[in-house]
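Undergrad: Before anything else, here's the structure in question.
Numbering (the working numbering), first residue to last: 20 to 326.
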């Protein structure tokens with residue numbers, strides 16, 4: 020019987036486990052080992068680690084958590100969860116079962132790039148989703164942005180910040196809202212509506228092929244893909260979800276289900292419909308949720324006052 024089980028071993032989950040381990044809580048962290056930023060060679064905007072390896076950050080984090088004797092790390096995937104505060108029951112895919120007084124859901128998101136041949140294979144290496152994460156490294160390059168609707172504003176942004184030569188590929192008929200169309204036009208972004216047939220090549224030498232037989236040479240591509248939560252544990256537990264599929268939490272990291280906290284990319288406030296999903300904020304979410312969870316455990320353990 021663990022006091023807390025943390026599901027997910029990214030920056031949020033490891034940070035939560037670190038806090039709880041330091042408070043001498045018996046905590047188990049279960050991680051499937053598929054971090055969202057695994058394809059990326061570098062991460063940015065995490066103070067003291069800017070330009071460092073995401074894999075190295077996680078390896079260092081696991082070592083730091085493991086230094087606390089009451090904290091346990093386990094490779095695996097939690098397939099089901101049920102219960103109530105004081106006794107949550109979790110099943111792992113390998114058939115193992117564990118119980119915990121409290122839970123922290125920190126399993127993150129998965130990006131789902133458009134179904135264009137060659138796009139997913141280059142995700143994080145020459146096709147990028149975030150100009151904050153990768154923009155500086157693509158400064159001065161000739162760029163393509165794949166997107167339509169409001170997401171196409173990304174083309175105007177990278178043209179404003181990083182490149183004098185940006186082409187927006189809408190992958191079909193353009194459906195740009197008027198403000199997006201105006202911003203794209205004002206920054207000299209060319210728009211190609213012909214459906215894409217595929218992407219070949221590597222960073223600095225990419226070729227985008229179109230259904231009409233034409234091609235476009237680019238050095239890097241941006242594409243803001245939709246995302247989905249990595250697990251449905253929040254659904255199984257009855258947590259309130261937001262329209263984007265993420266778990267709704269309050270300012271303390273609490274979900275709508277007593278005893279269940281959530282942190283990281285797949286959890287946010289209802290008042291913040293488009294949260295910042297970066298390494299730094301995710302780590303901070305994990306710390307915040309664990310600090311308040313610790314206080315809840317402390318209060319639950321106090322003796323009842325006489326009278």
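Note that CB positions come from ideal geometry on N, CA and C, so glycine has one too.
Anyone know if the C-beta pair for residue 26 and residue 125 falls short of 8 angstroms?
TA: Their beta carbons are under 8 angstroms apart, which means residue 26 touches residue 125 by this criterion.
Undergrad: Let me check you understand the geometry: is the CB of residue 69 closer than 7 angstroms to at least one non-hydrogen atom of the ligand FAD?
TA: No copy of the ligand FAD occurs in the structure displayed, which carries no ligand at all.
Undergrad: Return the residue from the list 39, 83, 302, 122 that minimises the CA-CA distance to residue 97.
TA: Of the listed residues, the one whose Cα sits closest to residue 97 is 122.
Undergrad: Can you have a look at residue 233 and say buried or exposed, based on whether 16 or more other CB atoms are within 10 angstroms of its CB?
TA: Exposed is the call here.
Undergrad: Exposed or buried, which one is residue 48 when buried takes at least 16 other CB atoms within 10 Å?
TA: Residue 48 is buried by the Cβ-count criterion.
Undergrad: Around the Cβ of residue 209, are there at least 16 other Cβ atoms within 10 angstroms (buried) or fewer (exposed)?
TA: Its Cβ having fewer than 16 others within 10 Å, residue 209 is exposed.
Undergrad: Just checking, does the stretch 209-227 make contact with the stretch 132-149 on the three C-beta pairs under 8 angstroms criterion?
TA: Yes, the stretch 209-227 is in contact with the stretch 132-149.
Undergrad: Out of curiosity, what's the CA-to-CA distance linking residue 304 and residue 283?
TA: Cα to Cα, residue 304 sits roughly 6 angstroms from residue 283.
Undergrad: For a test of the three-state rule: what should DSSP assign to residue 102, helix, strand or coil?
TA: Strand at residue 102.
Undergrad: Tell me, which residues are paired with residue 228 by DSSP?
TA: Per DSSP, 217, 234.
Undergrad: Taking the beta strand (DSSP E) that residue 240 falls in, what are its first and last residues?
TA: Its beta strand (DSSP E) spans residues 239-242.
Undergrad: Leaving aside the five residues before and after residue 66 along the sequence, list all residues of the same chain whose C-beta is less than 8 angstroms from its C-beta, in chain order.
TA: Taken in chain order, the residues that qualify are 299.
Undergrad: If I measure Cβ to Cβ from residue 163 and keep anything under 7 angstroms in the same chain, skipping five residues before and after, which residues do I get?
TA: These residues qualify, in order along the chain: 186, 188, 227, 235, 237, 240.
Undergrad: Given that a residue counts as buried once 16 or more other Cβ atoms are within 10 Å of its Cβ, and exposed if not, what is residue 278?
TA: Residue 278 should be labelled buried.
Undergrad: I think residue 112 touches residue 95, with their Cβ atoms under 8 angstroms apart; what is that distance to the nearest whole Å?
TA: Residue 112 to residue 95, Cβ: 6 angstroms. Contact.
Undergrad: Our contact map puts residue 63 next to residue 52 with C-beta atoms below 8 angstroms; I'd like the distance itself, whole angstroms only.
TA: Not confirmed; about 23 angstroms, so no contact.
Undergrad: Identify, in the order they occur along the chain, each residue of the same chain with its Cβ nearer than 7 angstroms to the Cβ of residue 89, setting aside the five sequence neighbours on each side.
TA: If we look at residue 89 and ignore the five residues flanking it on each side, its Cβ neighbours are 40, 43, 44, 45, 46.
Undergrad: By the 10 Å Cβ neighbour count, where 16 or more other Cβ atoms means buried, how is residue 108 classified, buried or exposed?
TA: Counting Cβ neighbours within 10 Å, residue 108 comes out exposed, since fewer than 16 surround it.
Undergrad: In this structure, what does DSSP give as the bridge partners for residue 209?
TA: Residue 209 is bridged to 186.
Undergrad: Could you pull out every unbroken alpha helix (DSSP H) segment of at least 4 residues lying fully inside the stretch 275-324, listed in chain order?
TA: Entirely contained in the stretch 275-324, the alpha helix (DSSP H) runs reaching 4 residues are, in chain order, 298-319.
Undergrad: With distances taken Cα to Cα, identify the nearest neighbour of residue 197 among 214, 319, 169, 207.
TA: Per the Cα distances, 169.
Undergrad: Alpha carbon to alpha carbon, what distance is there between residue 110 and residue 177?
TA: Taking the straight line from one Cα to the other gives about 44 angstroms.
Undergrad: Taking residue 229 as the reference, which of 213, 243, 242 has the closest Cα?
TA: When only C-alpha atoms are compared, the closest one is 213.
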